[in-house]
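Start counting the sequence shown at 0; every next residue gets the next number (numbering that gives the first Met the number 0). What follows is one structure encoded as structure tokens, with my remarks underneath.
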Amino acid sequence: MLIGLTGRLLAAHKGAVLAIVALQLIQTMATLLLPTLNAAIIDNGIVGRDVSQIVDLGSWMAVTAGVQVVAAVAAGYLGAVVAMELGRTLREELFAKVQSMSSQEVTAFGAASLVTRTTNDVTQVQNLVVLVFTMLIAAPAIFVGGIALAVHQDVVLSGIVIAVVPVLAVIMVLIVRRLIPLYRQGQELIDGISRVLREQIIGASVIRGFGRQGHEERRFDGANKELTHNNLRSALLVASMMPMIMLVVNLSSVGVVWFGGHRIQSGDMRLGALTAFIAYILQILIAIMMAMYVFMTAPRAAACAERIQAVLDTTPAVTDGPGVGDPGGNAVEYRNVSFAYPGAEQPVLDGVTFTAAPGTVTAIIGATGTGKSTLLNLLPRFLDASGGAISIGGSDVRSLSLRTLRSLVAVVPQHSYLFSGTIAGNLRMAAPAATDADLWRVLGSAQAEEFVRKSPQGLHSPVSQGGTNFSGGQRQRLCIARALLREAAVYLFDDSFSALDYGTDDRLRGALRPLLRAATVLVVAERVAPIMDADLILVLEDGRVVAQGTHRHLMASSPSYQEIAASQLVPEETP
């Protein structure tokens, strides 16, 4: 999974990757050449007392060291650039994939998990790529080259090095195999602690209101302890690897010095060859340590790559339409529409049929959980209907491209959400080219102009994440203003007036009538009073339309509507 993911992304940087490999090989050759030059200086220059040899070979050593440094720096820089580009591309792909997901798919992964995968998981993969470019390419070359040159210096002593290599390999394999499941579990625990923390931040007022701070602290502490325990177990394995490797390497070094000294005394080996041999052992050790560091990082990155690929491999339930034809108007028609969540025993909607004509208001009312919001979400294809067909202007919404379809619709969601930035920035999400005059116009229609003008910064007043620095009613009015700026053919209001007082609600609806007289308007409502003037009212019950008509018609013919009205309206309001 990790190799496939990184290989696909690195294919776009073949030239840079080849340059990095070439630079690393140049650095490796220079590194391996230095001990041999040093041995020649000792044997031919120092022992032989030949100053010219010392100067000549010393000059070559200086040049070789310079080449080594330049190649290492260049390879490191290029490797970092490629890794950063890979991380950027991966984050863009994840962001685009999440944007294409339906609410069902986002819920399946979890918002906290998607954030972690896009940030922390990508960083782990990116860090591994940096290590591969700076260490893993050089490590095998130094390892193989070091052994070959050590054998060249003395075949007998090389037996010690060759015997040690399998022992080191076994140590690394055993530890890495135990690290992989721990790192995978660790990433899941990070998701868990992110989820708990996110819930506690968002629900801070509820937690304080019910005096549950102690419970939530214990809940967070439990998740924190699980993550700490996991990290300690993996840290113990990582910490134990180095002492074991150093023990094996140090014992082999003692053996080399011991037997090498005897071979020098017997005249079978020169002093320079022994120093070069020891230097090559150190280089082999460095290569092993570099590989070990990469292998310790690889399991965590592999677990992250699996999680990233799981998101990228998700096939969105809502796919782009072929873009065939253009709507011949803005009449909205639902024909025998049904919707069920995967695995659900009962459908949320079943056999819904109605037509909303241009210039009319169609209201949807019913008890909580009857599918009112789902009914609206099917039109812009935030969800796809399980059965039946939905059309705008005679064109099936599935035949339209998502860009075309959603350009026809302006949505005011049930939960009014504002993005961090300014009021102007939030409004211009609907129309980036809108002038300040346009913004003030829609703010006035949405009954939001007064409180915006009272702010010293006006349109440039700051907005915190989620719009938490505004009241619920102010957020709703700003979201309505944003939708009005769209000047869409179809407007969807999902219980978008619930936080308004009756006076503001009445003034707002009065301002909306002339603005939306040519549009098709669908309104989800919990209260009867605001929708009494609607041209068509649908009464939903258990996902079915049990009655439809005007307020007067339903009051005369629908027991379900009569029951809702009787529970909300005073006698004077129930004709």
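Using N, Cα and C, we set each Cβ at its ideal position, and we do this for glycine too. Since the structure is predicted, the reported quantities are computational estimates derived from the model, not experimental observations.
Just verifying my parser: in three-state terms, what is the DSSP assignment at residue i?
i	result
Val155	helix
Glu571	Interpretation of Glu571 is limited by its pLDDT of 46, a score under 50 that renders its predicted location unreliable; no figure is taken from the coordinates.
Leu491	strand
Pro529	helix
Gly350	strand
Ser385	coil
Gly420	strand
Arg7	helix
Val317	coil
Phe209	coil
Asp325	coil
Met554	helix
Asp312	coil
Ile136	coil
Asp500	coil
Gly548	strand
Asp534	coil
Asp395	strand
Ala433	coil
Ala409	strand
Leu377	coil
Ser604	For the chain, the structure presents residues 0 to 574; residue 604 sits outside this window and is missing.
Gly342	coil
Expressed to the nearest angstrom, what Euclidean distance is found between the alpha-carbon atoms of residue i and residue j?
i	j	result
Ala433	Arg427	6 Å
Arg197	Trp439	35 Å
Ala95	Asn229	32 Å
Thr313	Arg116	14 Å
Ala388	Asp532	28 Å
Leu514	Leu442	13 Å
Glu622	Val114	Beyond the ends of the chain as shown, which are 0 and 574, falls residue 622; an answer cannot be given.
Ala447	Ala409	18 Å
Val538	Ser406	28 Å
Lys224	Ser193	14 Å
Ala168	Ala21	27 Å
Asp349	Ser101	20 Å
Val66	Ile40	19 Å
Asp437	Leu484	7 Å
Val69	Ile283	22 Å
Pro529	Val545	20 Å
Pro180	Leu188	12 Å
Ala339	Ser398	21 Å
Ala300	Leu281	28 Å
Gly210	Gly221	19 Å
Ser419	Gly542	36 Å
Asp383	Gln475	26 Å
Which residues share a DSSP beta bridge with residue i?
i	result
Glu540	Arg543
Phe84	Looking at the sequence provided, one finds Glu at residue 84 rather than Phe. According to DSSP, Glu84 bridges with nothing at all.
Pro455	Bridge partners of Pro455: none, in fact.
Glu332	Thr354, Ser390
Ala524	Ile364
Ser193	Note: Ser193 sits in no beta bridge, so no partner.
Thr519	Val489
Ser337	Gly386
Pro461	Thr421
Given that a residue counts as buried once 16 or more other Cβ atoms are within 10 Å of its Cβ, and exposed if not, what is residue i?
i	result
Pro34	buried
Glu571	Its pLDDT being 46, under 50, Glu571 is placed unreliably in this model, and the coordinates cannot settle the point.
Met241	exposed
Val155	exposed
Met612	Since the displayed the chain opens at 0 and closes at 574, residue 612 lies outside it and no answer follows.
Ser566	exposed
Thr118	exposed
Ala325	It is worth fixing the name first, because residue 325 is Asp in this sequence and not Ala. By the neighbour-count rule (16 or more Cβ atoms within 10 Å), Asp325 is not buried but exposed.
Gln264	exposed
Tyr560	buried
Leu77	buried
Leu235	exposed
Asn425	buried
Tyr490	buried
Asp493	buried
At which residue ranges does the segment 10-75 contain complete alpha helix (DSSP H) runs of 4 or more residues, listed in the order of the chain?
13-39
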